[in-house]
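Just so we're aligned: 44 in the working numbering is position 23 of the sequence shown, and the numbers increase by one with no gaps anywhere.
In this text, a Cβ means the ideal position worked out from N, Cα and C, and glycines have one as well.
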Amino acid sequence: MEQGIKREMRRKDRQLAPEEAEAILSAGKYGILSIVCEDGYPYGLPISYAYDGEKLYFHHSAEPGLLNDSVSGAVRACFTVVGSTELLPEKFSTKYESVIVFGKLRKSGDKLGGLMRLVEKLSPGFEEKGRRYAALSLDEVAVYEFEIEQMTGKARR
C-alpha cells in the first residue's frame with residue numbers, strides 16, 4: 022500500500038463497513054476519477070463506470086487528451102462516488118453516503134471485456150446489441166482498468 026493512503030479516517034463514527042461501501046460502489050452509475058497530469062496538476066474527470074467486485078472499468082475517447090496523455094503504464098489514481106444525499110437546511114448539514122477508492126489506473130489489455138462490463142451495468146437487457154456496438158468502436162475508445170488498493174466508505178444518515 023502506498024504511503025499516502027495509509028491515513029485513517031478522521032470521523033470513524035461515520036465510517037461504513039466494507040460491505041456497505043462496496044454496495045454503494047456497485048450501485049453507483051458515475052463518479053469522479055482523479056489523477057495527476059504530466060504537468061503536475063490534478064485532474065478530476067466525471068465518468069461512468071462498472072465495478073466487477075475487484076476492479077473498476079472506464080471508457081474514454083482514444084483521442085489525445087489529459088487522461089490519455091497522462092496514463093502510461095500504471096498511475097496512481099483516486100475514484101470517488103457519492104450515493105444518496107439529502108440536504109438538511111435547518112441543520113446547515115447534509116445526509117450523505119460516499120466511497121473513495123485508491124489504486125492504480127492503466128489502459129486495459131481487454132478492451133471488449135471492459136466495454137462489456139460497462140454495457141452489462143449501464144445497459145442491462147441490451148448485451149447482444151452492446152457487444153456488436155462495442156466491437157465496432159474498439160479503435161475509437163480507450164478502456165481503463167482501476168486496480169483497487171484501498172476502499173473507504175463514509176455516511177451521515
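{"Item": "By a C-beta neighbour count over all protein chains shown, 10 Å radius and 16 as the cutoff for buried, is Met22 buried or exposed?", "Value": "Reliability of the predicted coordinates at Met22 is poor, the pLDDT of 40 falling under 50, and no value is obtained from them."}
{"Item": "Let me know the beta strand (DSSP E) ranges lying completely inside the stretch 34-58, each 3 residues or longer, listed in chain order.", "Value": "51-57"}
{"Item": "What does the Cβ neighbour count give for Leu108, buried or exposed, with the cut at 16 atoms within 10 Å?", "Value": "exposed"}
{"Item": "Going by DSSP in three states, Pro145 sits in which element: helix, strand or coil?", "Value": "coil"}
{"Item": "So, at 6 Å on beta carbons, what are the nonlocal neighbours of Gly134 in its own chain, with the 5 sequence-adjacent residues on each side left out?", "Value": "none"}
{"Item": "Short check: CB of Gly182 to CB of Leu88, under 7 Å?", "Value": "Outside the displayed span of the chain (22 to 178) sits residue 182, for which this structure offers no information."}
{"Item": "State the Cα-Cα distance for the pair Ala176 and Lys116, rounded to the nearest angstrom.", "Value": "7 Å"}
{"Item": "Can you round the beta-carbon distance between Ala95 and Lys125 to whole angstroms, since I take them to be within the 8 Å contact cut?", "Value": "4 Å"}
{"Item": "Let's see if you can read the secondary structure: which residues bound the alpha helix (DSSP H) around Ser91?", "Value": "87-91"}
{"Item": "Where does the unbroken beta strand (DSSP E) through Glu107 begin, and where does it stop?", "Value": "96-109"}
{"Item": "What is the rounded straight-line gap between the Cα of Val34 and the Cα of Glu161?", "Value": "The residue you asked about is not Val; residue 34 is Asp in the sequence shown. C-alpha separation (whole angstroms): 45 Å."}
{"Item": "Put Arg178 into one of helix, strand or coil per three-state DSSP.", "Value": "coil"}
{"Item": "Tell me Tyr70's beta-bridge partners as DSSP assigns them.", "Value": "Tyr70 pairs with nothing; no bridge assigned."}
{"Item": "Terminal residues of the continuous beta strand (DSSP E) containing Glu118?", "Value": "114-128"}
{"Item": "Taking the alpha-carbon positions, what's the Pro39 to Met172 distance?", "Value": "8 Å"}
{"Item": "According to DSSP, simplified to helix, strand and coil, what is Asp78?", "Value": "Checking the sequence, you will find Tyr at residue 78 rather than Asp. Three-state result, Tyr78: strand."}
{"Item": "Who are the Cβ neighbours of Arg178 in its own chain at under 8 Å, not counting the five residues just before and after it?", "Value": "Lys116, Glu118"}
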